[in-house]
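These protein sequences, in sequence, are chains U and C. Letter by letter, the first sequence follows residues 76 to 190 in my numbering. Letter by letter, the second sequence follows residues 234 to 348 in my numbering. Here a beta-carbon is modelled for each residue, glycine too, at the ideal position from N, C-alpha and C. Before any comments, here is the structure.
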Amino acid sequence: GQQLNQSPQSMFIQEGEDVSMNCTSSSIFNTWLWYKQDPGEGPVLLIALYKAGELTSNGRLTAQFGITRKDSFLNISASIPSDVGIYFCAGLNPDYGGSQGNLIFGKGTKLSVKP
Amino acid sequence: EAEVAQSPRYKITEKSQAVAFWCDPISGHATLYWYRQILGQGPELLVQFQDESVVDDSQLPKDRFSAERLKGVDSTLKIQPAELGDSAMYLCASSFSRVRGGGQFFGPGTRLTVL
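Printed below as a string of structure tokens:
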């Protein structure tokens with residue numbers, strides 16, 4: 076089945092640093108979504124990308140939909156303590172039929188604060 | 234702001250008991266999804282509804298899990314009997330359209346612990 080490889084698995088940040096994470100797949104997707112999840116809560120949608128090559132910002136967050144449609148990255152500029160959490164990429168299954176509209180998630184990137 | 238509602242937030246049960254989770258999607262969202270998220274992993278789809286119809290339940294363990302959305306609005310996910318391996322976060326999400334993929338919005342989840 077389709078799988079998303081998300082990296083890094085975890086990273087430590089110091090306040091003010093820029094952060095980058097990415098997601099790759101062996102299959103193409105027509106939509107990429109980035110979510111943030113805090114402990115004990117549901118994922119919150121950060122950015123949605125619908126077109127290959129698209130670059131979209133949401134405040135300090137910027138995400139891009141790769142030209143090959145097999146990858147996406149998320150950047151966070153000037154990180155702050157509340158950026159801590161788990162970030163998930165998700166690709167929308169483009170297939171027709173029952174599985175159309177299903178999201179396939181990566182395993183997440185855990186962002187923590189440097190001690 | 235419109236949100237997906239879920240209840241209960243937490244559920245502890247003994248194995249072989251029955252449990253049920255409830256979800257109320259964002260008003261006007263025709264598509265509803267149930268996901269299961271094991272600790273340290275991304276969410277995995279269990280079932281997708283379009284209005285009151287199931288469009289994809291290929292990943293739902295139908296020997297013990299059932300889901301319904303009788304009037305095409307709120308939905309219930311049931312497990313009977315619960316097993317130890319069912320301990321996980323159960324997330325409900327909704328979207329305006331599965332075809333356009335306008336982003337899926339998640340509820341806060343139900344954390345299930347099976348003893």
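What is the rounded straight-line gap between the Cα of Tyr-125/U and the Cα of Lys-248/C?
Translated into the one-based positions of the first sequence, residue 125/U becomes position 50. Translated into the one-based positions of the second sequence, residue 248/C becomes position 15. Looking at the two C-alpha atoms, the distance is approximately 43 Å.
Locate the beta strand (DSSP E) running through Ile-245/C, then write down its first and last residues.
Counted from its first residue, the second sequence places residue 245/C at position 12. From DSSP, the beta strand (DSSP E) with Ile-245/C extends over 243 to 246.
Do you know offhand how far Val-159/U's Cα is from Asp-146/U's?
On the first sequence, position 84 is the one that residue 159/U refers to. On the first sequence, position 71 is the one that residue 146/U refers to. So the alpha carbons of these two residues sit roughly 23 Å apart.
Counting along the chain, where does the beta strand (DSSP E) carrying Ser-147/U start and finish?
For the purposes of this step, residue 147/U is taken as the residue at position 72 of the first sequence. Looking at the DSSP string, the run of the beta strand (DSSP E) that includes Ser-147/U is 146 to 151.
Is the beta carbon of Glu-316/C closer than 8 Å to that of Val-347/C?
In the second sequence, counting from the first residue as 1, residue 347/C sits at position 114. In the second sequence, counting from the first residue as 1, residue 316/C sits at position 83. Yes, these two residues count as a Cβ contact at 8 Å.
Please list the segments of the alpha helix (DSSP H) lying wholly inside the segment 80 to 117 of chain U, counting only runs of 4 or more residues, in order along the chain.
You should have found no qualifying run.
Could you check if Ser-101/U is buried or exposed, using at least 16 other CB atoms within 10 Å of its CB as the buried criterion?
Locating residue 101/U in the first sequence gives position 26, counting from the first residue. Exposed is the call here.
Please report whether the beta-carbon of Asp-289/C lies at a distance below 8 Å from any beta-carbon of chain U.
What you label residue 289/C is simply residue 56 of the second sequence in a count that begins at 1. At least one chain U Cβ lies under 8 Å of Asp-289/C.
If you measure from the beta carbon of Glu-92/U to each beta carbon in chain C, is any gap under 8 Å?
For the purposes of this step, residue 92/U is taken as the residue at position 17 of the first sequence. Output row for Glu-92/U: interface = no.
Does Glu-116/U come within less than 8 Å of chain C when only Cβ atoms are used?
Taking the first residue of the first sequence as 1, we reach residue 116/U at position 41. Cβ-Cβ to chain C under 8 Å: yes for Glu-116/U.
Closer than 9 Å between beta carbons: that is the criterion. Which residues of the segment 253 to 282 of chain C meet it against chain U?
Correct list: Thr-264, Tyr-266, Tyr-268, Gln-270, Gly-273, Gln-274, Gly-275, Pro-276, Glu-277, Leu-278, Gln-281.
Is it true that the segment 257 to 266 of chain C meets the segment 133 to 149 of chain U, where meeting means three or more beta-carbon pairs spaced less than 8 Å apart?
With the cut-off at 8 Å, the segment 257 to 266 of chain C and the segment 133 to 149 of chain U do not touch.
Could you work out which residue in Cys-98/U, Glu-129/U, Phe-180/U is closest to Asn-168/U when comparing CA atoms only?
Taking the first sequence and counting its residues from 1, the one referred to as residue 168/U is at position 93. Checked all of Cys-98/U, Glu-129/U, Phe-180/U; the closest Cα to Asn-168/U is Phe-180/U.
Excluding the 5 residues flanking Lys-189/U on each side, which residues of the same chain have their C-beta closer than 6 Å to its C-beta?
Stepping through the first sequence from its first residue, residue 189/U is reached at position 114. Closer than 6 Å at the Cβ level, and outside the excluded window around Lys-189/U, lie Phe-87, Gln-89.
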